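Participant: Going by the working numbering, the sequence shown opens with residue 53, and the numbers climb by one from there. Just dropping this structure here.
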Amino acid sequence: MFKIVLERKKCTSCGTCEDTCPEIFELIDDGFSHIKGANVEDVEELEIEDASCSVDAAEVCPVMCIHVYENGEEIV
Ligand code: SF4
53 MFKIVLERKK CTSCGTCEDT CPEIFELIDD GFSHIKGANV EDVEELEIED
103 ASCSVDAAEV CPVMCIHVYE NGEEIV
């Protein structure tokens, strides 16, 4: 099981995560990234079976505000 965490307050609205992983990330009306299916909060979290492209998005985020955990351990 994977958990994706997004620290929205650090997001600079660059859009790279949405370009890299549109299945999971989208920029919403307030201009910041959002995890599809999560509640809109300062720190968003989503548990998913398959980390999919979220790992790639975490790696390319310029301010490193996307984190991915696998079985409780941060992998990126
Ligand atoms: S890549 Fe990072 S800084 Fe850029 S929009 Fe996504 S979360 Fe925000």
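Even for Gly, the Cβ is constructed at its ideal location relative to N, Cα and C. The structure displayed is predicted, hence computed values, not measured ones.
1. With respect to 8 Å, is the separation between the Cβ of L79 and the closest non-hydrogen atom of ligand 1 below this value?
2. In three-state terms, what does DSSP make of S106?
3. Within 8 Å: the Cβ of E75 and any heavy atom of ligand 1?
4. Work out the CA separation of A90 and F54 for me, nearest whole Å.
5. Sort D108, V115 and S106 by Cα distance to S65 and report the nearest one.
6. Drop a sphere of 10 angstroms on the beta-carbon of I87, count the other beta-carbons inside from all chains shown, and report buried for 16 or more, exposed for fewer.
Facilitator: Considering the structure as presented:
1. Within the cutoff, so yes.
2. Note: S106 maps to helix in three-state DSSP.
3. Within the chosen limit of 8 Å, ligand 1 does not reach the beta carbon of E75 with any heavy atom.
4. Rounded to whole angstroms, F54 and A90 show a C-alpha spacing of 14 Å.
5. That would be V115, whose Cα lies nearest to the Cα of S65.
6. Burial call: buried.
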